[in-house]
Amino acid sequence: MSDPLFEEDDGAGWIFTFADLMSLLLVFFILLYSLSRMTETTLVAALSSIQVALNSNGALVRQDPLKYSGGGTEVIRPAEPQMATNDQLTYAKEPIDEEVREQVKEIANDVANRFVATALESQVSVFEDGERITIRVDGSSLFESGEAEIKWEAEPIYATLLNIFQRYPDYDISIKGHTDNIPIRTSRFPSNWELSAIRATTTLRYFLNNGISPERMTATGYADSIPLVRNDTEEHRALNRRVEFVLERDNKKLRSK
1 MSDPLFEEDD GAGWIFTFAD LMSLLLVFFI LLYSLSRMTE TTLVAALSSI QVALNSNGAL
61 VRQDPLKYSG GGTEVIRPAE PQMATNDQLT YAKEPIDEEV REQVKEIAND VANRFVATAL
121 ESQVSVFEDG ERITIRVDGS SLFESGEAEI KWEAEPIYAT LLNIFQRYPD YDISIKGHTD
181 NIPIRTSRFP SNWELSAIRA TTTLRYFLNN GISPERMTAT GYADSIPLVR NDTEEHRALN
241 RRVEFVLERD NKKLRSK
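Residue numbers (UniProt numbering): 1 to 257.
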(Lines of atoms letter the chains of each structure in order from A and count residues from 1; the text may use other names and numbers.)
(Lines give C-alpha, C1' and ligand atoms only; values in the text may rest on other atoms or scores of the structure.)
Protein backbone atom coordinates (compact mmCIF):
# COMPACT_ATOMS: atom_id res chain seq x y z
CA MET A 1 0.00 0.00 0.00
CA SER A 2 1.44 3.32 -1.00
CA ASP A 3 1.96 6.15 1.48
CA PRO A 4 -0.46 9.07 0.70
CA LEU A 5 2.14 11.55 1.97
CA PHE A 6 4.49 10.61 -0.86
CA GLU A 7 1.88 9.98 -3.54
CA GLU A 8 2.52 12.11 -6.59
CA ASP A 9 -0.08 14.72 -7.56
CA ASP A 10 -1.73 13.90 -10.87
CA GLY A 11 -2.37 17.61 -11.65
CA ALA A 12 0.15 19.74 -13.49
CA GLY A 13 0.18 22.62 -10.98
CA TRP A 14 3.52 23.84 -12.25
CA ILE A 15 1.93 25.05 -15.48
CA PHE A 16 0.33 28.05 -13.71
CA THR A 17 3.67 29.22 -12.34
CA PHE A 18 5.24 28.74 -15.76
CA ALA A 19 2.43 30.72 -17.45
CA ASP A 20 2.88 33.59 -14.97
CA LEU A 21 6.62 33.62 -15.64
CA MET A 22 6.07 33.75 -19.41
CA SER A 23 3.57 36.60 -19.02
CA LEU A 24 6.02 38.62 -16.92
CA LEU A 25 8.79 38.03 -19.45
CA LEU A 26 6.52 39.17 -22.28
CA VAL A 27 5.64 42.38 -20.42
CA PHE A 28 9.33 42.95 -19.64
CA PHE A 29 10.37 42.64 -23.30
CA ILE A 30 7.51 44.92 -24.41
CA LEU A 31 8.71 47.51 -21.90
CA LEU A 32 12.29 47.21 -23.18
CA TYR A 33 11.08 47.65 -26.75
CA SER A 34 9.07 50.74 -25.79
CA LEU A 35 12.10 52.29 -24.09
CA SER A 36 14.26 51.58 -27.11
CA ARG A 37 11.85 53.54 -29.29
CA MET A 38 11.81 56.59 -26.99
CA THR A 39 13.54 59.66 -28.39
CA GLU A 40 15.40 62.32 -26.48
CA THR A 41 12.53 64.74 -27.05
CA THR A 42 9.86 62.42 -25.68
CA LEU A 43 12.01 61.51 -22.68
CA VAL A 44 12.64 65.17 -21.82
CA ALA A 45 8.93 65.87 -22.20
CA ALA A 46 8.06 62.99 -19.89
CA LEU A 47 10.61 64.08 -17.28
CA SER A 48 9.35 67.63 -17.52
CA SER A 49 5.75 66.57 -16.95
CA ILE A 50 6.69 64.54 -13.89
CA GLN A 51 8.86 67.29 -12.46
CA VAL A 52 6.32 70.03 -13.03
CA ALA A 53 3.71 67.90 -11.29
CA LEU A 54 5.99 67.42 -8.29
CA ASN A 55 7.30 70.97 -8.07
CA SER A 56 5.78 74.04 -9.71
CA ASN A 57 9.21 75.72 -9.71
CA GLY A 58 10.85 72.99 -11.75
CA ALA A 59 13.25 70.29 -10.66
CA LEU A 60 16.74 69.06 -11.38
CA VAL A 61 17.14 66.43 -14.04
CA ARG A 62 19.53 63.85 -12.57
CA GLN A 63 19.61 61.76 -15.73
CA ASP A 64 21.01 62.51 -19.15
CA PRO A 65 18.21 61.70 -21.65
CA LEU A 66 20.78 59.90 -23.86
CA LYS A 67 22.55 58.07 -21.01
CA TYR A 68 20.07 57.21 -18.32
CA SER A 69 22.68 57.12 -15.57
CA GLY A 70 24.77 59.99 -16.87
CA GLY A 71 24.11 62.32 -13.94
CA GLY A 72 23.02 65.34 -16.01
CA THR A 73 22.53 68.79 -14.51
CA GLU A 74 19.93 70.29 -16.83
CA VAL A 75 17.00 71.98 -15.10
CA ILE A 76 13.63 71.58 -16.76
CA ARG A 77 11.20 74.25 -15.64
CA PRO A 78 7.48 74.51 -16.34
CA ALA A 79 6.63 76.67 -19.31
CA GLU A 80 5.61 80.22 -18.57
CA PRO A 81 1.81 80.37 -18.41
CA GLN A 82 0.29 81.90 -21.49
CA MET A 83 -1.96 84.89 -21.21
CA ALA A 84 -5.61 84.03 -21.71
CA THR A 85 -6.62 84.87 -25.27
CA ASN A 86 -10.02 85.70 -26.64
CA ASP A 87 -10.31 82.10 -27.85
CA GLN A 88 -9.80 80.90 -24.29
CA LEU A 89 -12.19 83.40 -22.76
CA THR A 90 -14.97 82.80 -25.28
CA TYR A 91 -16.27 79.39 -26.07
CA ALA A 92 -18.48 79.35 -29.17
CA LYS A 93 -16.91 77.41 -32.05
CA GLU A 94 -19.88 76.91 -34.39
CA PRO A 95 -22.44 79.31 -35.86
CA ILE A 96 -25.01 80.19 -33.24
CA ASP A 97 -28.72 80.43 -33.90
CA GLU A 98 -29.85 84.05 -33.68
CA GLU A 99 -32.68 83.12 -31.34
CA VAL A 100 -30.23 81.39 -29.01
CA ARG A 101 -27.91 84.41 -29.15
CA GLU A 102 -30.69 86.77 -28.13
CA GLN A 103 -31.77 84.48 -25.32
CA VAL A 104 -28.22 84.28 -23.94
CA LYS A 105 -27.92 88.08 -24.10
CA GLU A 106 -31.15 88.50 -22.17
CA ILE A 107 -30.06 86.04 -19.51
CA ALA A 108 -26.62 87.68 -19.21
CA ASN A 109 -28.26 91.08 -18.75
CA ASP A 110 -30.58 89.64 -16.11
CA VAL A 111 -27.61 88.04 -14.30
CA ALA A 112 -25.63 91.31 -14.36
CA ASN A 113 -28.64 93.30 -13.12
CA ARG A 114 -29.10 90.94 -10.18
CA PHE A 115 -25.57 91.62 -8.98
CA VAL A 116 -26.07 95.35 -9.45
CA ALA A 117 -29.29 95.16 -7.43
CA THR A 118 -27.41 93.55 -4.55
CA ALA A 119 -24.48 96.03 -4.81
CA LEU A 120 -22.04 93.28 -5.77
CA GLU A 121 -20.99 94.61 -9.17
CA SER A 122 -17.54 95.60 -7.86
CA GLN A 123 -16.83 91.96 -6.95
CA VAL A 124 -18.54 90.19 -9.86
CA SER A 125 -18.24 90.55 -13.65
CA VAL A 126 -20.54 88.96 -16.24
CA PHE A 127 -19.58 88.08 -19.84
CA GLU A 128 -21.35 86.31 -22.68
CA ASP A 129 -20.20 85.06 -26.06
CA GLY A 130 -23.51 84.25 -27.68
CA GLU A 131 -23.63 80.71 -26.36
CA ARG A 132 -22.24 80.72 -22.81
CA ILE A 133 -22.32 83.08 -19.88
CA THR A 134 -19.30 83.53 -17.62
CA ILE A 135 -19.71 84.93 -14.10
CA ARG A 136 -16.30 85.91 -12.73
CA VAL A 137 -16.00 86.47 -8.97
CA ASP A 138 -13.05 88.06 -7.19
CA GLY A 139 -11.36 85.27 -5.23
CA SER A 140 -10.69 87.42 -2.16
CA SER A 141 -14.44 87.98 -1.85
CA LEU A 142 -14.99 84.25 -1.37
CA PHE A 143 -11.93 82.89 0.47
CA GLU A 144 -9.21 84.01 2.83
CA SER A 145 -5.68 83.86 1.45
CA GLY A 146 -4.45 80.26 1.29
CA GLU A 147 -7.77 78.87 2.58
CA ALA A 148 -10.66 76.95 0.99
CA GLU A 149 -13.45 77.62 3.51
CA ILE A 150 -16.10 80.02 2.21
CA LYS A 151 -16.07 83.38 4.02
CA TRP A 152 -19.28 84.38 5.72
CA GLU A 153 -19.06 87.71 3.87
CA ALA A 154 -19.45 85.75 0.62
CA GLU A 155 -22.98 84.63 1.49
CA PRO A 156 -24.72 87.39 -0.57
CA ILE A 157 -22.70 86.38 -3.64
CA TYR A 158 -23.51 82.70 -3.22
CA ALA A 159 -27.17 83.46 -2.51
CA THR A 160 -27.43 85.51 -5.71
CA LEU A 161 -25.70 82.78 -7.70
CA LEU A 162 -28.02 80.17 -6.23
CA ASN A 163 -31.05 82.23 -7.28
CA ILE A 164 -29.65 82.52 -10.81
CA PHE A 165 -28.97 78.77 -11.08
CA GLN A 166 -32.50 78.00 -9.88
CA ARG A 167 -34.02 80.50 -12.30
CA TYR A 168 -32.28 78.91 -15.32
CA PRO A 169 -32.43 75.13 -14.78
CA ASP A 170 -31.64 74.37 -18.44
CA TYR A 171 -28.09 75.68 -18.02
CA ASP A 172 -25.24 73.50 -16.75
CA ILE A 173 -22.65 75.08 -14.45
CA SER A 174 -18.89 74.70 -14.77
CA ILE A 175 -17.06 75.97 -11.66
CA LYS A 176 -13.42 76.95 -12.29
CA GLY A 177 -10.92 77.87 -9.57
CA HIS A 178 -7.90 80.05 -10.43
CA THR A 179 -4.95 81.31 -8.34
CA ASP A 180 -1.99 83.61 -8.85
CA ASN A 181 1.55 82.26 -9.28
CA ILE A 182 2.69 82.65 -5.66
CA PRO A 183 3.45 79.06 -4.59
CA ILE A 184 1.77 77.50 -1.59
CA ARG A 185 3.20 74.50 0.26
CA THR A 186 1.21 73.38 3.28
CA SER A 187 0.21 69.96 4.60
CA ARG A 188 -3.26 70.48 3.17
CA PHE A 189 -2.32 72.27 -0.06
CA PRO A 190 1.02 71.08 -1.47
CA SER A 191 0.54 73.42 -4.44
CA ASN A 192 -1.88 75.86 -6.06
CA TRP A 193 -3.41 72.96 -7.98
CA GLU A 194 -4.84 71.46 -4.80
CA LEU A 195 -5.90 74.87 -3.49
CA SER A 196 -7.79 75.84 -6.64
CA ALA A 197 -9.38 72.40 -6.99
CA ILE A 198 -10.62 72.27 -3.39
CA ARG A 199 -11.99 75.82 -3.63
CA ALA A 200 -13.93 74.79 -6.73
CA THR A 201 -15.29 71.62 -5.11
CA THR A 202 -16.14 73.48 -1.88
CA THR A 203 -18.16 75.89 -3.97
CA LEU A 204 -19.85 73.01 -5.79
CA ARG A 205 -20.75 71.42 -2.46
CA TYR A 206 -22.44 74.65 -1.33
CA PHE A 207 -24.83 74.58 -4.29
CA LEU A 208 -25.29 70.82 -3.99
CA ASN A 209 -26.37 71.28 -0.36
CA ASN A 210 -28.81 73.95 -1.50
CA GLY A 211 -30.65 71.83 -4.02
CA ILE A 212 -28.77 72.24 -7.30
CA SER A 213 -28.58 68.90 -9.13
CA PRO A 214 -25.10 67.31 -9.19
CA GLU A 215 -25.72 66.41 -12.86
CA ARG A 216 -25.64 70.12 -13.73
CA MET A 217 -22.30 70.92 -12.10
CA THR A 218 -18.60 70.28 -12.62
CA ALA A 219 -15.66 71.69 -10.63
CA THR A 220 -12.10 72.12 -11.87
CA GLY A 221 -8.95 73.71 -10.44
CA TYR A 222 -6.62 75.49 -12.88
CA ALA A 223 -4.06 76.92 -10.40
CA ASP A 224 -2.16 79.73 -12.19
CA SER A 225 -2.26 78.12 -15.64
CA ILE A 226 -4.74 80.60 -17.20
CA PRO A 227 -3.94 84.09 -15.87
CA LEU A 228 -5.98 87.06 -17.07
CA VAL A 229 -2.92 89.31 -16.80
CA ARG A 230 0.74 88.79 -15.97
CA ASN A 231 1.50 88.07 -12.33
CA ASP A 232 3.96 90.96 -12.12
CA THR A 233 2.23 93.17 -9.53
CA GLU A 234 0.02 92.62 -6.51
CA GLU A 235 -2.90 94.22 -8.37
CA HIS A 236 -2.46 91.84 -11.29
CA ARG A 237 -2.15 88.82 -9.01
CA ALA A 238 -5.39 89.87 -7.33
CA LEU A 239 -7.12 89.87 -10.72
CA ASN A 240 -5.90 86.34 -11.42
CA ARG A 241 -7.24 85.00 -8.11
CA ARG A 242 -10.82 84.26 -9.08
CA VAL A 243 -13.62 81.73 -9.36
CA GLU A 244 -15.53 81.52 -12.61
CA PHE A 245 -19.00 80.07 -13.20
CA VAL A 246 -19.62 79.18 -16.84
CA LEU A 247 -23.29 78.65 -17.69
CA GLU A 248 -23.99 76.62 -20.82
CA ARG A 249 -27.38 75.54 -22.06
CA ASP A 250 -28.00 71.79 -21.99
CA ASN A 251 -29.48 71.15 -25.42
CA LYS A 252 -30.36 67.55 -24.53
CA LYS A 253 -32.74 68.75 -21.82
CA LEU A 254 -34.36 71.25 -24.18
CA ARG A 255 -34.90 68.63 -26.89
CA SER A 256 -36.51 66.27 -24.40
CA LYS A 257 -39.15 68.84 -23.45
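Yeah, the Cβ is synthetic: ideal placement off N, Cα and C, and Gly gets one too.
- In this structure, the alpha-carbon of Q166 lies about 7 Å from that of I212.
- In the structure shown, the three-state DSSP call for F245 is strand.
- For S140, the closest of F18, E234 and I30 by C-alpha to C-alpha distance is E234.
- Straight across, the Cα-Cα distance linking R249 with Y171 is about 4 Å.
- The residue from L32, T134 and A119 with its alpha-carbon nearest to that of K105 is T134.
- The beta-carbon separation of I175 and A219, rounded to 4 Å, stays under the 8 Å limit for a contact.
- In the three-state DSSP reduction, K151 falls in the coil class, being neither helix nor strand.
- The alpha-carbon separation between R216 and S187 amounts to approximately 32 Å.
- At the C-beta level, A108 and E128 come within 7 Å of one another.
- In the DSSP annotation of this structure, V116 is not part of any beta strand (DSSP E); the continuous alpha helix (DSSP H) holding it starts and ends at E98 to A117.
- Around the beta carbon of S196, a 10 Å sphere encloses 16 or more other beta carbons of the protein chains shown; the residue is thus reported as buried.
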